[in-house]
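Numbering (the numbering used here) for the sequence shown: 4 to 353. Where a beta carbon is used, it is the ideal one built from N, C-alpha and C, also for glycine.
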Amino acid sequence: MTRLWLGIRALILGLLGTAMLLSATEYHYSYLPKHVYPTQVFPVTILASNARANQSVVFHFDPTALQKPLNSSPVKVINGNDLFYTFYFQANNEDDVVIPALTIQENNQSYPLPSRHIQTQTLTADAPSNFCGLIATDCSLQTSQVSMFDTNTSLVTITLRAHEGNPEAIHIPGALEEGIEKLTRQQAVVTAEYYFVIPSTQKSITLSYYNTVQHRFIPTTILTDYQNKPVAAQVELNPKASHFDQLKKYGSIALVLFFLVMVLWQRDWFYLILLIIILTATIIIYQPRDTLCIQEGSSLYILPTPNSRSSTTITEKLKTPSLGEHGKYFKINYRHGTIGWIRHEDLCEN
4 MTRLWLGIRA
14 LILGLLGTAM
24 LLSATEYHYS
34 YLPKHVYPTQ
44 VFPVTILASN
54 ARANQSVVFH
64 FDPTALQKPL
74 NSSPVKVING
84 NDLFYTFYFQ
94 ANNEDDVVIP
104 ALTIQENNQS
114 YPLPSRHIQT
124 QTLTADAPSN
134 FCGLIATDCS
144 LQTSQVSMFD
154 TNTSLVTITL
164 RAHEGNPEAI
174 HIPGALEEGI
184 EKLTRQQAVV
194 TAEYYFVIPS
204 TQKSITLSYY
214 NTVQHRFIPT
224 TILTDYQNKP
234 VAAQVELNPK
244 ASHFDQLKKY
254 GSIALVLFFL
264 VMVLWQRDWF
274 YLILLIIILT
284 ATIIIYQPRD
294 TLCIQEGSSL
304 YILPTPNSRS
314 STTITEKLKT
324 PSLGEHGKYF
334 KINYRHGTIG
344 WIRHEDLCEN
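Here it is as C-alpha cells:
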C-alpha cells in the first residue's frame with residue numbers, strides 16, 4: 004500500500020511538473036530579416052508562446068551595444084496564446100547590423116536572447132538616377148507646395164508618410180538646397196516634411212523610392228511650376244501660412260467694420276466695448292515686425308539649416324524688418340528681392 008501511494012504521488016507530481024513546464028512562457032525571435040539595406044528601417048519580432056495577454060513583461064537590450072531600437076516600447080499583437088512583440092531598428096550606412104543581446108523579464112523569471120547579425124546589402128547599384136534614398140514598405144505624398152524663393156529659384160515643400168521609412172536619408176537629385184523640417188515617428192509610421200530649392204525653370208521633378216514589399220523602385224512626379232503664385236513663405240517655410248495670415252487679416256477688418264456699424268446704428272455701449280477689444284487685438288497682432296540689426300560680413304543662408312549654403316554676404320551693417328523666425332535663424336528680405344536666413348549670432352549685440 005505504501006509503495007502504491009508513493010507511486011501515485013510521484014505520478015501526480017510528474018504530471019504537475021509537466022503541466023507547469025508546458026504552460027511556461029517561451030521567448031524566441033519569430034522574424035529577423037535575412038538582409039537589410041543601408042539606412043533601412045526594419046522590424047524585429049519576438050514571439051512569446053503560451054503567454055498571458057495581461058502579463059507584465061520588460062525588455063532590456065544590452066545598453067553597451069551600438070545598435071538601439073527606435074521604439075522603447077514594442078508593438079504588441081495578440082494571437083490566441085501567443086504574443087508578438089515588435090521593435091524597429093535602423094541600419095547604418097555600410098556595416099552589418101548587430102541586434103543587441105536581449106533580456107526579457109517576466110515576473111521573477113529572466114529569459115535571455117543572444118545577439119543576432121544581419122547582413123547589409125548594397126541597393127544603389129540598381130537604383131535609377133532619380134532615386135531619392137527613401138526605403139519603405141509603403142510611401143505616399145500627403146501634400147506638396149511650391150512658392151517663389153527668389154527670382155531664379157523655387158522652394159518646394161512636401162509632406163511624406165511612410166511605413167518603415169527612412170526619410171532622414173532623403174536626397175533630392177538636382178536640388179540646390181534641401182533639408183528636413185519636421186519628422187514624427189510613431190512605431191512603424193513616420194511622417195516628415197521636407198523642403199528643397201530648385202531652379203524656377205524646372206516645372207516638375209520625378210523621385211523614386213524603393214518599396215521593400217514589391218522589391219522595386221516606385222516613381223512619383225511632383226509639379227514644381229508655381230504659375231505666378233504670390234511670394235509665399237515669408238513667415239514660415241510652408242506657403243500655406245501666408246494665405247491663412249491674409250484670411251485672418253480680412254476677417255479682423257470685417258469684424259471691426261461690422262461692430263463699427265452696430266455702434267453707429269444701435270448706439271449701445273456693449274458694441275462699443277467689443278469694437279475696442281477687437282480693434283486693440285488687431286493692432287497688436289498686425290503691428291510692424293521687429294527690426295533686426297545685422298552685422299557687416301554676415302552670411303545670408305538659403306535655408307535655416309546648419310548645412311545650408313550661403314547665397315550672399317551682407318556687405319555693410321544693416322537694419323531690416325524680420326520676416327519670420329525659425330529656431331536660431333531669422334528670415335529677411337535683402338537687396339533685389341533676395342530672401343534668406345540670418346543666424347541669431349550674426350545680429351548686432353545691442
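Runs of beta strand (DSSP E) lying entirely within the stretch 302 to 342, each at least 3 residues, in chain order: Complete beta strand (DSSP E) runs here, min 3: 302 to 304, 313 to 316, 321 to 324, 327 to 329 and 332 to 336.
Span of the beta strand (DSSP E) around Lys-185: Segment 180 to 189, the beta strand (DSSP E) holding Lys-185.
Cut-off 8 Å between Cβ atoms - residues of its own chain near Thr-316, not counting five sequence neighbours on either side: Around Thr-316: Gly-300, Ser-301, Ser-302 and Leu-303.
Anticipated Cβ contact below 8 Å, Ala-94 with Asp-65, distance rounded: At roughly 18 Å, the Cβ-Cβ gap does not stay under 8 Å, so Ala-94 and Asp-65 are not in contact.
Three-state secondary structure assigned by DSSP to Ser-157: Ser-157 sits in a strand when the DSSP states are folded into three classes.
Helix, strand or coil at Val-216 [DSSP, three-state]: Residue state for Val-216 is assigned as coil, using DSSP reduced to three classes.
Residue from Val-200, Ile-256 and Pro-309 with nearest C-alpha to Thr-283: Of the candidates Val-200, Ile-256 and Pro-309, the one whose C-alpha sits nearest the C-alpha of Thr-283 is Ile-256.
Inter-stretch contact (C-beta, 8 Å, three-pair minimum) for the stretch 141 to 159 and the stretch 48 to 64: By the criterion of at least three beta-carbon pairs nearer than 8 Å, the stretch 141 to 159 is not in contact with the stretch 48 to 64.
Neighbour-count burial assignment, Ala-68, 16 or more Cβ in a 10 Å radius: Exposed, since its Cβ has fewer than 16 Cβ neighbours within 10 Å.
Buried or exposed (CB count within 10 angstroms, at least 16 for buried), Cys-351: The residue in question, Cys-351, is exposed, as its Cβ has fewer than 16 Cβ neighbours within 10 Å.
Burial state of Pro-77 (16 or more Cβ within 10 Å): When all chains shown are included, Pro-77 counts as buried.
Test item: CB-CB of Ile-297 and Leu-326 under 8 Å: Going by C-beta atoms, Ile-297 is not nearer than 8 Å to Leu-326.
Asp-85 in three-state terms, based on DSSP: If DSSP states are grouped into helix, strand and coil, Asp-85 belongs with the strands.
The stretch 150 to 165 touching the stretch 270 to 280, judged by at least three CB pairs closer than 8 Å: Touching, no, given that fewer than three Cβ pairs across the two stretches are closer than 8 Å.
Inter-residue Cα distance where the pair is Thr-28 and Ser-52: Thr-28 and Ser-52: Cα-Cα distance of roughly 5 Å.
Top-ranked residue by Cα proximity to Tyr-212, from Gln-190, His-174, Val-100 and Thr-89: His-174 is the residue among Gln-190, His-174, Val-100 and Thr-89 whose C-alpha sits nearest the C-alpha of Tyr-212.
Residue from Ala-178, Pro-222 and Thr-125 with nearest C-alpha to Phe-199: When each option's Cα is compared against that of Phe-199, the closest is Ala-178.
Status (buried if at least 16 other CB within 10 Å, exposed otherwise) for Ser-157: Classification for Ser-157: buried.
Where Phe-262 sits in the DSSP three-state scheme: Helix at Phe-262.
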